[in-house]
Amino acid sequence: MPDPIIIAVPKGRILAEAVPLLARAGIVPEAAFSDEDSRALRFTTSNPGIDLIRVRAFDVATFVAHGAAQLGIVGSDVLAEFDYSELYAPVDLGIGHCRLSVAEPASLAEQGDPRGWSHVRIATKYPHVTAAHFTARGVQAECVKLNGAMELAPLLGLAPRIVDLVSSGRTLKENGLVEVDVICEVTSRLIVNRAAFKTRAEVVPLVEAFRKAVAQDVAA
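Take the sequence shown: its letter number 127 is residue 127 in the UniProt record's numbering, and every next letter is one higher.
Following this line, the structure appears as structure tokens:
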């Protein structure tokens, strides 16, 4: 019997939206998968030929790119940051809607228009996307890499501005920050390891199952 197909799914905000999508694709995880307190990392599903792993969003792309998982669910922000050639992203899943934005303290926002910047110092976990965005505008971006607690950077003087995911904007507001520029809109995508797509016969029907699951959601 061949090894199970492994699908990497991100922890956090996308998880709750991913579970019903998986179910519509015919994949129902064991109960522990939706338990954020569970320390387990690999889970069985209603399909004996498919297992799920639950990892950090940035790690989903790495697991799939290197073939440790054959498929994954990940935000388009992660795909843009890493740009792995080994990944194929055939389906926009239409979940995890948010945007990647530039934010700064409200007091700073009153002083100048982003279009007039020539140099910026920015805290972000997206240094590649951030630098490319500003380079395209002729602005030199000095990126300070952080993996979390981005809103603290302006408050503690690490960097006056941040680039981070924004959904409702509540976290920014609570920390005295305002959104001043949108780099891109973000949704979650189904990603596939290119080699697995060619060599594992089970992968193509799975991709179609996800495509149909998205269509059902849109129709509903």
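Just so you know, even glycine gets a beta-carbon here, dropped at the ideal spot from N, CA and C.
Beta-bridge partners of residue i, as assigned by DSSP
i	result
P10	V55
S188	G75
N193	L87
Q140	H119
V182	S101
P48	None; P48 has no bridge partner.
P29	T45
K212	DSSP output for K212 lists no bridge partner at all.
Residue i, enclosing alpha helix (DSSP H) - first and last residue
i	result
T44	Counting along the chain, T44 falls outside any alpha helix (DSSP H), though it belongs to the beta strand (DSSP E) covering 42-44.
R170	170-174
L152	152-155
Where the beta strand (DSSP E) through residue i begins and ends
i	result
V91	87-92
S101	98-105
V129	Not the beta strand (DSSP E): V129 falls in the alpha helix (DSSP H), residues 127-135.
R161	161-166
Assumed close pair residue i, residue j - CB separation to whole angstroms, cut-off 8 Å
i	j	result
L79	A61	7 Å
A8	G72	4 Å
R161	E86	That belief does not hold up - the Cβ atoms of R161 and E86 are roughly 33 Å apart, past 8 Å.
A44	V28	Strictly speaking, residue 44 in this sequence is Thr, with Ala absent from that position. Not really, about 10 Å apart at Cβ, beyond 8 Å.
V64	I191	5 Å
V120	E142	7 Å
residue 303	V214	No information on residue 303 is available, as it lies outside the stretch 1 to 220 that the chain covers here.
D217	R24	7 Å
Nearest candidate by alpha-carbon position, reference residue i, set the options
i	options	result
L108	E179, G75, R194	E179
L21	E202, L156, R189, R194	R189
residue 223	K11, A69, D3	Residue 223 lies beyond the stretch modelled for the chain, which goes from 1 to 220, so this question has no answer here.
N47	I183, C143, V214, E202	E202
Q70	Y88, A141, L156	Y88
F33	P10, A57, E208	P10
T130	F82, E208, E36, E17	F82
Outcome for residue i when other beta-carbon atoms lying within 10 angstroms are tallied against a minimum of 16
i	result
residue 223	There is simply no residue 223 to check, as the chain begins at 1 and stops at 220 in what is shown.
G176	exposed
P205	exposed
K125	buried
R54	buried
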